[in-house]
Amino acid sequence: MHFAYPHVREHKRWSRISQGCLNDAGDTFLERTFRRLETFQLVSKVLKILVVHNSLNDGKSMSGVLRHYLLMAKAWIADGHEVDFMVAKAAYPQIQGHLPSVGLVCSDPWFDATGYLEQTWRYLPAYALRTLSAFWISRRKSYDVVYASNLLIFEVFPAWVLSRRFKARWCVKIQHLLHGQNQRVSFFDRLFLISEKWSIWLSCRFAQGTLCLSQSVADQYKRLLVEWRMPSSPTKVIGCGLDLSDFDPARSVEKNYDVVFLGRIHMQKGVFDLVDCWQHVLAKRRNARLLVIGEGPHRKAIMQQVRQRGLADSVTFTGSIPEEQKNQLLKQSRMGMSLSFEEGWGLSVTEMLASGLPVVAYDLPVFRELFSKVIQRVPSRAPLKVAEQI
Numbered sequence: 047m048h049f050a051y052p053h054v055r056e057h058k059r060w061s062r063i064s065q066g067c068l069n070d071a072g073d074t075f076l077e078r079t080f081r082r083l084e085t086f087q088l089v090s091k092v093l094k095i096l097v098v099h100n101s102l103n104d105g106k107s108m109s110g111v112l113r114h115y116l117l118m119a120k121a122w123i124a125d126g127h128e129v130d131f132m133v134a135k136a137a138y139p140q141i142q143g144h145l146p147s148v149g150l151v152c153s154d155p156w157f158d159a160t161g162y163l164e165q166t167w168r169y170l171p172a173y174a175l176r177t178l179s180a181f182w183i184s185r186r187k188s189y190d191v192v193y194a195s196n197l198l199i200f201e202v203f204p205a206w207v208l209s210r211r212f213k214a215r216w217c218v219k220i221q222h223l224l225h226g227q228n229q230r231v232s233f234f235d236r237l238f239l240i241s242e243k244w245s246i247w248l249s250c251r252f253a254q255g256t257l258c259l260s261q262s263v264a265d266q267y268k269r270l271l272v273e274w275r276m277p278s279s280p281t282k283v284i285g286c287g288l289d290l291s292d293f294d295p296a297r298s299v300e301k302n303y304d305v306v307f308l309g310r311i312h313m314q315k316g317v318f319d320l321v322d323c324w325q326h327v328l329a330k331r332r333n334a335r336l337l338v339i340g341e342g343p344h345r346k347a348i349m350q351q352v353r354q355r356g357l358a359d360s361v362t363f364t365g366s367i368p369e370e371q372k373n374q375l376l377k378q379s380r381m382g383m384s385l386s387f388e389e390g391w392g393l394s395v396t397e398m399l400a401s402g403l404p405v406v407a408y409d410l411p412v413f414r415e416l417f418s419k420v421i422q423r424v425p426s427r428a429p430l431k432v433a434e435q436i
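The opening residue of the sequence shown carries number 47 in the numbering used here; numbering runs sequentially from there.
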């Protein structure tokens, strides 16, 4: 495969590194970690892995985190391991549609936010149910590894309980840390911050390993442990891989959009800066077109702002779409844009680079770590600075 852009060639190198880390997470690291434990001996190379991913609330929103775990599960299965996902029943269509070969364990048969994604306060009872669901999950199938997919209490606590019930080893994956986000000020945010501290204590006290998405996340995690005087736990930095066969930047297609915004439509992704940024772009380029790919709780609010400012004719919202269609639309765009306030990695940026797009993004620590030479960075929360680069 030929990559026509220098930044894509650099990205290809990072993809190889991250995919290597992915495989290491699925096999070498876990097996090496477990073999060091005197109370556990692997009798077979085949691992039975349970991924606890209780943060999925609907059948439409495909987050970067879920795409990451589906790719990891695909790699694990290819290596001969068995993988199940513990999720709410509402999320079954997403997982079955992308990876039918995984097993599904239901943590919540009732709650489905598909019709009211923006009413996030309604998620809390479901999170409480999923936190406790590990106590009544059937033991008919055993597991060697229980994998908490995020540092959320409704994923860490069930993983710990299930590891005890199945006499399995468990580890925690830290995508990002809420304590690193200055915007977390609401009542619900404070609840999540308190629960994150409990999750960190549980993982430090009982987990066999902690996996961090990037070195920036690992450094922040270690600083928190020192600040809170918690014992350190075995930590490994693991990247975020891509299947490059899904992308073909060398293929020439008609460019229908000037800029693409890809990601979950949530305030932490900077979507409320999007309108100011695009209005400034149109002031100098009246015929510019913006494509917004993704679903999330704030999509209706952003679409309303776009209409109120008279920008609707220049902006296309796709909502949730299949992965193949998403990759095709990326290739139909001339430039990628990220307005996230925080990221543990930045999978959307990685996918835009893999599609051969130049990218402008807010200057985040992880972007300096991973993409310093391949994207254009501007000061965070400065949408007009982003517009100047378009």
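Backbone N, C-alpha and C fix where the C-beta goes; we use that ideal spot for every residue, glycine too.
### Message
Let me confirm a value: Met108 is counted as buried when at least 16 other C-beta atoms fall within 10 Å, else exposed. Which label applies?
### Response
Within the sequence shown, numbered from 1, the residue matching residue 108 stands at position 62. The residue in question, Met108, is buried, as its Cβ has 16 or more Cβ neighbours within 10 Å.
### Message
Please report the distance separating the alpha-carbon of Leu248 from that of Pro280.
### Response
One-based indexing of the sequence shown puts residue 248 at position 202. One-based indexing of the sequence shown puts residue 280 at position 234. Spanning the alpha carbons of Leu248 and Pro280 requires a straight line of approximately 13 Å.
### Message
Assuming contact is defined by CB atoms lying nearer than 7 Å, are Arg310 and Gly285 in contact in what I supplied?
### Response
Here residue 310 corresponds to residue number 264 of the sequence shown, with the count starting at 1. Here residue 285 corresponds to residue number 239 of the sequence shown, with the count starting at 1. A distance of 7 Å or more separates the beta carbons of Arg310 and Gly285.
### Message
With H, G and I counted as helix, E and B as strand and the rest as coil, what does DSSP make of Leu261?
### Response
Within the sequence shown, residue 261 is the residue found at index 215, counting from 1. Leu is not the amino acid found at residue 261; the sequence shown has Gln there. It is helical.
### Task
Could you check if Phe293 is buried or exposed, using at least 16 other CB atoms within 10 Å of its CB as the buried criterion?
The residue labelled residue 293 in the question sits at position 247 within the sequence shown. Residue environment: Phe293 is assigned as buried (16 or more neighbouring CB atoms within 10 Å of its CB, all protein chains considered).
### Query
Out of curiosity, what's the CA-to-CA distance linking Asp322 and Ala347?
Counted from its first residue, the sequence shown places residue 322 at position 276. Counted from its first residue, the sequence shown places residue 347 at position 301. Their backbone Cα atoms lie some 14 Å apart in a straight line.
### Query
Tell me which same chain residues have a C-beta within less than 6 Å of the C-beta of Lys219, skipping the five on either side of it?
To locate residue 219, count along the sequence shown from 1; it is residue 173. Around Lys219: Ser195 and Leu257.
### Buried versus exposed, by CB contacts within 10 Å (16 or more), Trp274
Looking up residue 274 in the sequence shown gives position 228. Exposed, because fewer than 16 other Cβ atoms sit within 10 Å of the Cβ of Trp274.
#### Entry: Outcome for Leu336 when other beta-carbon atoms lying within 10 angstroms are tallied against a minimum of 16
Numbered from its first residue, the sequence shown carries residue 336 at position 290. By the Cβ neighbour-count rule, Leu336 is buried, with 16 or more other Cβ atoms within 10 Å of its own.
### Task
Can you check DSSP and say which residues form a bridge with Ala134?
Within the sequence shown, numbered from 1, the residue matching residue 134 stands at position 88. In the DSSP assignment, Ala134 forms a beta bridge with Asp154.
### Task
For Phe413, name the three-state secondary structure that DSSP assigns.
Locating residue 413 in the sequence shown gives position 367, where the first residue counts as 1. Helix.
### Task
For the alpha helix (DSSP H) containing Met33, list its first residue and its last residue.
In the structure as shown, the chain starts at 47 and stops at 436, and residue 33 therefore has no counterpart that could be examined.
### Query
Considering only C-alpha positions, which residue in the set Arg236, Leu224 and Val272 is nearest to Cys250?
Working through the sequence shown from its first residue, we reach residue 250 at position 204. With distances taken between Cα atoms, Cys250 lies closest to Val272.
### Message
Under DSSP, the beta strand (DSSP E) around Lys94 begins and ends at which residues?
### Response
Against the sequence shown, residue 94 aligns to sequence position 48. Secondary structure note for Lys94: its beta strand (DSSP E) is the uninterrupted segment Lys94 to Val98.
### Stretch pair the segment 147-167 + the segment 127-134: three plus CB contacts closer than 8 Å
When C-beta atoms of the segment 147-167 are compared with those of the segment 127-134, three or more pairs fall below 8 Å, so the two segments count as touching.
### Query
Hey, quick one: how far does the beta strand (DSSP E) through Ala194 stretch, first residue to last?
In the sequence shown, the residue the question calls residue 194 occupies position 148. Ala194: member of the beta strand (DSSP E) spanning Val191 to Ala194, first to last residue.
### Query
How is Phe86 classed by DSSP in three states: helix, strand or coil?
Residue mapping note: residue 86 aligns to position 40 of the sequence shown, counting from 1. Low confidence applies here, because Phe86 scores a pLDDT of 33, under 50, leaving its location unreliable and the question unanswered by this model.
### Task
Could you tell me whether the Cβ atoms of Lys431 and Val420 are closer together than 7 Å?
On the sequence shown, position 385 is the one that residue 431 refers to. On the sequence shown, position 374 is the one that residue 420 refers to. At least 7 Å separates the beta-carbon of Lys431 from that of Val420.
### Task
Tell me Leu308's beta-bridge partners as DSSP assigns them.
In the sequence shown, the residue the question calls residue 308 occupies position 262. Answer is Ile339, bridged to Leu308.
### Query
Got a sec, what are the start and stop residues for the beta strand (DSSP E) Arg215 sits in?
Looking up residue 215 in the sequence shown gives position 169. For Arg215, the enclosing beta strand (DSSP E) begins and ends at Arg215 to Ile220.
### Task
Measure the C-alpha to C-alpha separation of Gly110 and Ser394 and round it to an integer number of angstroms.
Sequence index remark: in the sequence shown, residue 110 carries index 64 (1-based). Sequence index remark: in the sequence shown, residue 394 carries index 348 (1-based). Gly110 and Ser394: Cα-Cα distance of roughly 7 Å.
### Query
Roughly how many angstroms separate the alpha carbons of Met313 and Ala205, rounded to a whole number?
Walking along the sequence shown from the start, residue 313 turns up at place 267. Walking along the sequence shown from the start, residue 205 turns up at place 159. Distance between the alpha carbons of Met313 and Ala205 is about 28 Å.
### Message
Just to confirm my understanding: we take Gln325, look at its own chain, exclude 5 residues before and 5 after, and list those with CB closer than 7 Å. What are they?
### Response
Locating residue 325 in the sequence shown gives position 279, counting from the first residue. So the qualifying residues of the chain are Arg355 and Leu357.
### Task
Locate the beta strand (DSSP E) running through Gln422, then write down its first and last residues.
Working through the sequence shown from its first residue, we reach residue 422 at position 376. Unbroken beta strand (DSSP E) run through Gln422: Gln422 to Val424.
### Query
Given Tyr303, which residues of its chain have a CB within under 8 Å of its CB, disregarding the five upstream and five downstream residues?
Taking the sequence shown and counting its residues from 1, one reaches residue 303 at position 257. Closer than 8 Å at the Cβ level, and outside the excluded window around Tyr303, lie Arg335, Leu336, Leu337, Thr362, Leu375, Gln378, Ser379 and Arg380.
### Query
Run through DSSP, which three-state label would Thr160 get?
Translated into positions along the sequence shown, residue 160 becomes position 114. Looking at Thr160 - three-state DSSP - the assignment turns out to be coil, as it is neither helix nor strand.
### Message
So within the segment 369-406, which uninterrupted beta strand (DSSP E) runs reach at least 3 residues, ignoring any that extend past its ends?
### Response
Within the segment 369-406, the runs of beta strand (DSSP E) that reach at least 3 residues and sit entirely inside it are, in chain order, 382-384.
### Message
Checking 7 Å against the spacing of the C-beta atoms, do Ala180 and Leu208 come in under that value?
### Response
Residue 180 sits at position 134 when you count from the first residue of the sequence shown. Residue 208 sits at position 162 when you count from the first residue of the sequence shown. Cβ distance < 7 Å, so Ala180 and Leu208 count as in contact.
#### Entry: Contacts around His344, its chain only, beta-carbon distance under 7 Å, and the 5 residues preceding and following it disregarded
Residue numbering aside, residue 344 sits at position 298 when the sequence shown is read from its first letter. If we look at His344 and ignore the five residues flanking it on each side, its Cβ neighbours are Glu164, Ile311, His312, Met313 and Val317.
#### Entry: Cβ shell of Gln350 (< 6 Å), same chain only, five flanking positions each side left out
As a working mapping, residue 350 is identified with position 304 in the sequence shown. Residues of the same chain with a CB within less than 6 Å of the CB of Gln350, apart from the 5 flanking positions on each side, do not exist.
### Message
Tell me which residue opens and which closes the alpha helix (DSSP H) that Thr281 is part of.
### Response
Taking the sequence shown and counting its residues from 1, one reaches residue 281 at position 235. Counting along the chain, no alpha helix (DSSP H) covers Thr281; the unbroken beta strand (DSSP E) around it starts and ends at Thr281 to Val283.
### Message
Can you tell me whether Lys315 is buried or exposed? The criterion is at least 16 other CB atoms within 10 Å of its CB, across all chains shown.
### Response
Indexing the sequence shown from 1 puts residue 315 at position 269. The residue is buried, with at least 16 neighbouring Cβ atoms inside 10 Å.
### Message
So the candidates are Val133, Trp216 and Phe200; which of them puts its Cα closest to the Cα of Asp190?
### Response
Within the sequence shown, residue 190 is the residue found at index 144, counting from 1. Closest by alpha carbon: Trp216.
### Query
Quick one: Cα of His225 to Cα of Gly143, how far?
For the purposes of this step, residue 225 is identified with residue 179 of the sequence shown, where counting begins at 1. For the purposes of this step, residue 143 is identified with residue 97 of the sequence shown, where counting begins at 1. Rounded to the nearest angstrom, the two C-alpha atoms are 34 Å apart.
### Query
With 16 other CB atoms within 10 Å as the buried threshold, where does Gln371 fall?
The sequence position of residue 371 within the sequence shown is 325, counting from 1. The residue in question, Gln371, is exposed, as its Cβ has fewer than 16 Cβ neighbours within 10 Å.
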